[in-house]
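Trainee: Got a structure here, written out as structure tokens. Questions coming.
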Amino acid sequence: MPFFPLSALAHSPLSNVSPGDGAKLEDAPTEISMVFKSPAKLIKLELLKEQVTTKKSLLGSLFGNDGGEVVPLPNAVLMEMSATHVIPLPEITSGGYQVKWRAMGEDGHVIKGDFVFTVDKD
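Following the working numbering, the numbering of the sequence shown begins with 3 at its first residue and continues without gaps.
Structure representation (structure tokens):
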């Protein structure tokens, strides 16, 4: 499954994430922390768990959701203007995860990116 590194545009870039991009964790995190260099409003946040199968669907490829199983996250964290966003996670199991996000800076520009981490409880 192809995961891509942390990316953001220059208007209000993401300066730090926890778990870190590419992190390999022995314990599952209980939250995601995202810190922007200037305040931003999260407008979309998605956590995907890597699928074990290598089979890709045509619809998933066309609509960009062939990256894994969606893990439900609380919507309450969206639409708040802040430099720091802390998102509580449900209990997650071992595997690879990708966080896809979209935010709007104070200047109205939309920025987006993603980062990955792996949980290996074994």
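Here a beta-carbon is modelled for each residue, glycine too, at the ideal position from N, C-alpha and C.
If you draw a straight line from the alpha carbon of residue 94 to that of residue 109, how long is it in whole angstroms?
Mentor: Rounded to whole angstroms, residue 94 to residue 109 spans 35 Å at the Cα level.
Trainee: Counting Cβ pairs closer than 8 Å, one from the segment 19-29 and one from the segment 73-85, do we hit at least three?
Mentor: No, they do not touch.
Trainee: DSSP state of residue 78, grouped into three classes?
Mentor: Helix.
Trainee: Starting from the Cα of residue 39, find the closest Cα among 16, 20, 119 and 75 and give me that residue.
Mentor: Ranking the options by Cα distance to residue 39, first place goes to 16.
Trainee: Label residue 72 either buried or exposed according to how many other C-beta atoms from any shown protein chain fall within 10 Å of its C-beta, with 16 as the threshold for buried.
Mentor: The residue is exposed, with fewer than 16 neighbouring Cβ atoms inside 10 Å.
Trainee: Considering only DSSP beta bridges, list what residue 116 is partnered with.
Mentor: The partner list for residue 116 (beta bridge, DSSP) reads 102.
Trainee: I'd like the list of long-range same chain contacts for residue 33, defined as Cβ closer than 7 Å, with 5 residues on each side in sequence excluded.
Mentor: Only 88, 89, 90 and 91 meet the Cβ criterion.
Trainee: Is residue 41 near residue 84, with beta carbons less than 8 Å apart?
Mentor: Cβ distance < 8 Å, so residue 41 and residue 84 count as in contact.
Trainee: Note down the Cα distance separating residue 86 from residue 20, rounded to an integer number of angstroms.
Mentor: Approximately 11 Å, taken between the alpha carbons.
Trainee: How long is the line joining the alpha carbons of residue 116 and residue 44, rounded to whole angstroms?
Mentor: Near 13 Å, if we compare the C-alpha coordinates of residue 44 and residue 116.
Trainee: Cα-Cα, which of 75, 28, 18 and 48 is closest to residue 104?
Mentor: The shortest Cα separation from residue 104 among 75, 28, 18 and 48 belongs to 48.
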